Amino acid sequence: MKRKDFLYLTGMGFGGAMLSRIPVIGAPISAEAALHGGIDVAVKKRMADIALNAARSKGASYTDVRIGRYLRQFVVTRENKVQNVVNTESYGMGIRVLANGCWGFAATDKMDNDSIARAAYEAVAIAKENARIQSEPVQLAPQKGYGEVSWKTPIEKNGFEVPIKDKVDLLLKVNDTAMKAGANYITSVIFLVNEQKYFASTDGSYIDQDVHRIWPTFFATKIDPATGKFETRNALSAPRGMGYEYVIPRDSDKIKGMPTMLYRDRYDMIEDAGLAGAQGGEKLKAKSVEPGKYDLILDPSNLWLTIHESVGHPSELDRVLGYEANFAGTSFLTLDKWKSGKFNFGSKHVNIVADKLQPGSLGAVGYDDEGVKCGKWDIIKDGILVNYQTIRDQAHIIGLNASQGCCFADSWSDVQFQRMPNISLQAGKTPLTPQEMIKNVEKGIYIIGDSSFSIDQQRYNFQFSGQLYYEVRNGKIVGMLNDVAYQSNTQEFWNSCSAICDQRDYRLGGSFFDGKGQPEQVSAVSHGSATTRFNGVNIINTARKI
Amino acid sequence: MAIFSQEEAQALMKKALSFSKADECEINFNGSVGGNIRYARNSVSTSGSVSQTSMVISSAFGKKLGVVTLNEYDDKSIESAVRRSEELAQLAPENPEYMPMLGPQNFAAPSPRLYDQKTGDMTPKQRTDMVAQSLQVAKDGKLTAAGFLQNQGAFSAMMNSKGLFAYNKSSDINFSITMRTTDGAGSGYASRDFEDFNDMDTLKLSQIAGKKASGSAGAKALEPGKYTVILEPAAGVVLLENLYGGLDARSADEGRSFLSKKGGGTKLGEKLLDERVNIYSDPQDPRMPTSTWSGEGLPQEKISWIEKGVIKNLFYSRYWAQKKGVKPVPGPSGVIMEGGDASLEDLIKSTEKGILVTRLWYIRPVDPQTLLYTGLTRDGTFYIENGQIKFPVKNFRFNESPVIMLNNLEALGKPERTVSGESFQSALIPPMKIRDFTFSSLSDAV
Numbered sequence: 018m019k020r021k022d023f024l025y026l027t028g029m030g031f032g033g034a035m036l037s038r039i040p041v042i043g044a045p046i047s048a049e050a051a052l053h054g055g056i057d058v059a060v061k062k063r064m065a066d067i068a069l070n071a072a073r074s075k076g077a078s079y080t081d082v083r084i085g086r087y088l089r090q091f092v093v094t095r096e097n098k099v100q101n102v103v104n105t106e107s108y109g110m111g112i113r114v115l116a117n118g119c120w121g122f123a124a125t126d127k128m129d130n131d132s133i134a135r136a137a138y139e140a141v142a143i144a145k146e147n148a149r150i151q152s153e154p155v156q157l158a159p160q161k162g163y164g165e166v167s168w169k170t171p172i173e174k175n176g177f178e179v180p181i182k183d184k185v186d187l188l189l190k191v192n193d194t195a196m197k198a199g200a201n202y203i204t205s206v207i208f209l210v211n212e213q214k215y216f217a218s219t220d221g222s223y224i225d226q227d228v229h230r231i232w233p234t235f236f237a238t239k240i241d242p243a244t245g246k247f248e249t250r251n252a253l254s255a256p257r258g259m260g261y262e263y264v265i266p267r268d269s270d271k272i273k274g275m276p277t278m279l280y281r282d283r284y285d286m287i288e289d290a291g292l293a294g295a296q297g298g299e300k301l302k303a304k305s306v307e308p309g310k311y312d313l314i315l316d317p318s319n320l321w322l323t324i325h326e327s328v329g330h331p332s333e334l335d336r337v338l339g340y341e342a343n344f345a346g347t348s349f350l351t352l353d354k355w356k357s358g359k360f361n362f363g364s365k366h367v368n369i370v371a372d373k374l375q376p377g378s379l380g381a382v383g384y385d386d387e388g389v390k391c392g393k394w395d396i397i398k399d400g401i402l403v404n405y406q407t408i409r410d411q412a413h414i415i416g417l418n419a420s421q422g423c424c425f426a427d428s429w430s431d432v433q434f435q436r437m438p439n440i441s442l443q444a445g446k447t448p449l450t451p452q453e454m455i456k457n458v459e460k461g462i463y464i465i466g467d468s469s470f471s472i473d474q475q476r477y478n479f480q481f482s483g484q485l486y487y488e489v490r491n492g493k494i495v496g497m498l499n500d501v502a503y504q505s506n507t508q509e510f511w512n513s514c515s516a517i518c519d520q521r522d523y524r525l526g527g528s529f530f531d532g533k534g535q536p537e538q539v540s541a542v543s544h545g546s547a548t549t550r551f552n553g554v555n556i557i558n559t560a561r562k563i
Numbered sequence: 202m203a204i205f206s207q208e209e210a211q212a213l214m215k216k217a218l219s220f221s222k223a224d225e226c227e228i229n230f231n232g233s234v235g236g237n238i239r240y241a242r243n244s245v246s247t248s249g250s251v252s253q254t255s256m257v258i259s260s261a262f263g264k265k266l267g268v269v270t271l272n273e274y275d276d277k278s279i280e281s282a283v284r285r286s287e288e289l290a291q292l293a294p295e296n297p298e299y300m301p302m303l304g305p306q307n308f309a310a311p312s313p314r315l316y317d318q319k320t321g322d323m324t325p326k327q328r329t330d331m332v333a334q335s336l337q338v339a340k341d342g343k344l345t346a347a348g349f350l351q352n353q354g355a356f357s358a359m360m361n362s363k364g365l366f367a368y369n370k371s372s373d374i375n376f377s378i379t380m381r382t383t384d385g386a387g388s389g390y391a392s393r394d395f396e397d398f399n400d401m402d403t404l405k406l407s408q409i410a411g412k413k414a415s416g417s418a419g420a421k422a423l424e425p426g427k428y429t430v431i432l433e434p435a436a437g438v439v440l441l442e443n444l445y446g447g448l449d450a451r452s453a454d455e456g457r458s459f460l461s462k463k464g465g466g467t468k469l470g471e472k473l474l475d476e477r478v479n480i481y482s483d484p485q486d487p488r489m490p491t492s493t494w495s496g497e498g499l500p501q502e503k504i505s506w507i508e509k510g511v512i513k514n515l516f517y518s519r520y521w522a523q524k525k526g527v528k529p530v531p532g533p534s535g536v537i538m539e540g541g542d543a544s545l546e547d548l549i550k551s552t553e554k555g556i557l558v559t560r561l562w563y564i565r566p567v568d569p570q571t572l573l574y575t576g577l578t579r580d581g582t583f584y585i586e587n588g589q590i591k592f593p594v595k596n597f598r599f600n601e602s603p604v605i606m607l608n609n610l611e612a613l614g615k616p617e618r619t620v621s622g623e624s625f626q627s628a629l630i631p632p633m634k635i636r637d638f639t640f641s642s643l644s645d646a647v
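First to last, the sequence lines map onto chains A and B.
Residue 18 is where the first sequence starts when you use this note's numbering, and the numbers rise one by one after that.
Residue 202 is where the second sequence starts when you use this note's numbering, and the numbers rise one by one after that.
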């Protein structure tokens, strides 16, 4: 499912322009059907073995098989009505082979023995055909087989088991609260994902994983008919690798004392909707920003997306090497910069880690989609570029003899390739709260929530907006601003990082819809940080007249 | 078998309806076959094929809807899916905006160019041969190629208990190519999307991308600011699609669109753009055929969206149309913007000072109130002086609204078929010369 399909489904997108496009998210099923426990592991192993043997019999030197059952549930409401309750299931098998030194892939949703074998033969035939125009054979980093193993997202409450009525009741209460507080329109959504993934390879791994994600969100709009102006305030939630427990509020997970309530590992959707309803009106009256240089204080609900775009993507090794040149682009973090061991990506405060295991994160899994056990490593250490993110057929290029476990496919029907692990900015080591940080700022803007985002294909020049902007003068928040966007260059921006709050303020943000590859695939990934200060960043004013 | 004929699809869908006991029942049935090759660093990186079908059964009792899907089509599987959708409908919350299913509709026959069987049935060898031509261009020009070729054949059908039936087959081939100089100093791009693989010239497109790559090396920095620009169709479409894709009646009526007016009401019928702007959609135009029925089961007909700069029509969902007492109008499909006879070269020749933009990238909304978008130039940006391309320039970030842009129109060229690098939708768009296009900063990206 692509970002735009999600916008369509929630009625926030292109409206009728998208009506001729059926969202590519799998086919609808019932809520109850989504609860049945999936396919028995023994059956999956038998089907996988058919594919492995069929590919081997045609000359494949390596084969992996992914059997996927992908469940999604959307509950969409607007104002006082339920707009959409959708359950989808997508089930099938993807077979990837190496033959004559080249990759081939075929996928099928027919899971009888003949169809599986035919898909395996097709994958080998494609590999052999493409080997004709291959310039160098694929080199796979060695990977031991793990035998029969399993992994499951450590959830407390399975969202698919919560009755639809409970979700509808929650969302209608959210809408009512926002509208009582001043919103004219609101769309609210609970989006659940369960990926039941089975991986088998000729290395001897049979890996069964059960992955859960949740994203509660809303878009609340306030209109001023007199001026014809409108403003939207989106939810400050984050999509998470968690169960339904994420939407059960807990006081200890609230960060109080800031201009709006902020949330750690539990989200109070009703409370946030009430605040959003009132803030829509405040945004309409807010002062239009004077463009120029400001010190920025970025809340994790804003900074996650800047980390994603300006650190996550450029440190993907496949982009560095040129594999994404035709779509997502390449990277300014070229191999010579890494090899020098001195490339000054950011200030000394900047420590960025890749972590595929982080609890509650969207990217957390036990094993990646080519059977590699997941881990954690440094990308930027004390401001210096020290590593990338990679997979089995590219690890040798940076002198690694094992993959870092960053392989992922968004469906059984798409071939797996390098995708971003959770990439996070480490919290500061010196005790510092956001309030204390603001006290030291003379002329600044405190930004909460994410909004518009755009960055070039090598990840130098970016522009980001937010949900809420507060003007800071001489250590105090003096009011709300509007029409704000920050524009910078990645290396300059991260070198202007002058302070990071401590671990108490650390929170995760993330995306369900990180797009990459052709045909485009999405992946879900989290980015953690604490509130962070950047000095002297360029602010533009985005107001126009039409 | 993933492509069902009209008769085969009709028979299966009739069978499904025969099991229905709901107030209303609707069957959507579709399938596709296809394959792709992706290459980079002058070599194949991934490739594959996929084939799938699915039948979606929607049963309704009053305003309560239940939906089930299946991909096994024996009688027993179909009947149990129909029963299941009925059980679910009984349990579903009522949707006040639910619209009763449509009765029989008159759909025009699609353009015969909508479907080419050979394009759906391309073999791995055919795909590899087309890519080999592209790789040869890279080799000859000492360039690095990264590209993507994808073909697909598909069918789509819809039938309901009120007597509606719709069916079509479509085919598609998509190709895009980026050529880069080996030192990474230059980059060029070309892309196309067609229904018939015979229209796809991977060699020519690779040569165009190669030429842009070589020509864009050694770019000079110009100060950001307002410039006269010539937007090639691939650059223009990514901004225009946000204009014609945003002609939604409901959001305009609700006061949350660039088409909403101060004090209430919408800008429907008002002149919003330069009078040379004419945009319409026509599913039967052989230059860009699309389906003659919409996802809601409504006929897709030729319709004018913007005429002489005036907002002529908005699209209405069936629910919103009923509420407003107007005819439902599906959104644009097969969009055509009229132009003139001037070639891109003619537009360049008539430009004293300006910038040729061949591609725009990473387009995101900044302010829905003014339809302000941001993004960057990419893969070949050139400075024009006295009617000639003088030198390549470094890429810019822009902040611009298609509404403002189409009021600053200088000239339109001859429309050509292009495909959006953002939405992957095709359109027929002229190259456009625009004055005072706002570049707000420089990018070092190549």
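Even glycine gets a Cβ: it sits at the ideal position worked out from N, Cα and C.
Since the structure is predicted, the reported quantities are computational estimates derived from the model, not experimental observations.
Measuring alpha carbon to alpha carbon, tell me which of the options ends up nearest residue i.
i: Y563 of chain B; options: A:R89, A:G532 and A:T450; result: A:G532
i: R309 of chain A; options: A:P536, A:F216, A:I556 and A:V489; result: Per the sequence shown, residue 309 of chain A should be read as Gly rather than Arg. Comparing Cα positions, the closest option is A:I556.
i: S305 of chain A; options: A:L525, A:E537, A:V501 and A:R83; result: A:V501
i: F516 of chain B; options: B:S452, B:E476, B:R477 and B:E298; result: B:S452
i: P301 of chain B; options: B:L572, B:V527 and B:Y520; result: B:Y520
i: S107 of chain A; options: B:P533, B:M256, B:P311 and B:G304; result: B:M256
Under DSSP, the alpha helix (DSSP H) around residue i begins and ends at which residues?
i: S357 of chain A; result: L352 to S357
i: M538 of chain B; result: No alpha helix (DSSP H) contains M538 of chain B, which is instead part of the beta strand (DSSP E) from V536 to M538.
i: N443 of chain B; result: P434 to Y445
i: D282 of chain A; result: Neither: D282 of chain A is in no alpha helix (DSSP H) and is coded neither H nor E.
i: N192 of chain A; result: I181 to K197
i: E146 of chain A; result: N130 to A148
Give me the Cβ distance between residue i and residue j, rounded to the nearest whole Å; I'm assuming they're in contact under 8 Å.
i: Y79 of chain A; j: T219 of chain A; result: 6 Å
i: N203 of chain A; j: F247 of chain A; result: It is worth fixing the name first, because residue 203 of chain A is Ile in this sequence and not Asn. Incorrect: roughly 13 Å between the Cβ atoms, too far for contact.
i: D399 of chain A; j: C424 of chain A; result: 29 Å between Cβ atoms; not a contact.
i: L313 of chain A; j: I517 of chain A; result: Not a contact, Cβ separation roughly 13 Å.
i: G294 of chain A; j: T450 of chain A; result: Going by Cβ atoms, the distance from G294 of chain A to T450 of chain A rounds to 27 Å, so no, they are not a contact pair.
Please compile the residues from chain B whose C-beta is within a distance smaller than 9 Å of the C-beta of residue i.
i: W120 of chain A; result: V245, S246, T247, S248 and G249
Confirm, please, whether the CB-CB distance from residue j to residue i is below 8 Å.
i: F599 of chain B; j: F625 of chain B; result: no
i: I455 of chain A; j: V403 of chain A; result: no
i: K413 of chain B; j: G576 of chain B; result: no
i: A420 of chain B; j: T379 of chain B; result: no
i: Q211 of chain B; j: F366 of chain B; result: yes
i: G164 of chain A; j: N319 of chain A; result: no
Note down, in chain order, every chain B residue with its Cβ under 8 Å from the Cβ of residue i.
i: A252 of chain A; result: Correct list: empty, because the minimum Cβ distance to chain B is about 17 Å.
i: T559 of chain A; result: V567, D568, L573 and N600
Could you work out which residues of chain B lie near residue i, taking near to mean beta carbons separated by less than 7 Å?
i: S469 of chain A; result: R565, P566, V567 and T575
i: P536 of chain A; result: N237 and Q351
i: P242 of chain A; result: G456, G464 and G465
Using a cut-off of 8 Å between C-beta atoms, extract the partners of residue i located in chain A.
i: P294 of chain B; result: V99, V102, I181, K182 and V185
Could you check where the beta strand (DSSP E) with residue i kicks off and where it finishes?
i: I573 of chain A; result: Residue 573 of chain A lies beyond the stretch modelled for chain A, which goes from 18 to 563, so this question has no answer here.
i: T582 of chain B; result: T582 to E586
i: Q156 of chain A; result: Neither: Q156 of chain A is in no beta strand (DSSP E) and is coded neither H nor E.
Could you work out which residues of chain A lie near residue i, taking near to mean beta carbons separated by less than 9 Å?
i: A241 of chain B; result: D335, L338, G339, Y340, E341, A342 and N343
Just the chain A side, please: which residues come within less than 7 Å of residue i by C-beta, in chain order?
i: N596 of chain B; result: D473
i: G348 of chain B; result: N343
i: I590 of chain B; result: What I590 of chain B touches in chain A: nothing, since even the nearest Cβ is about 22 Å away.
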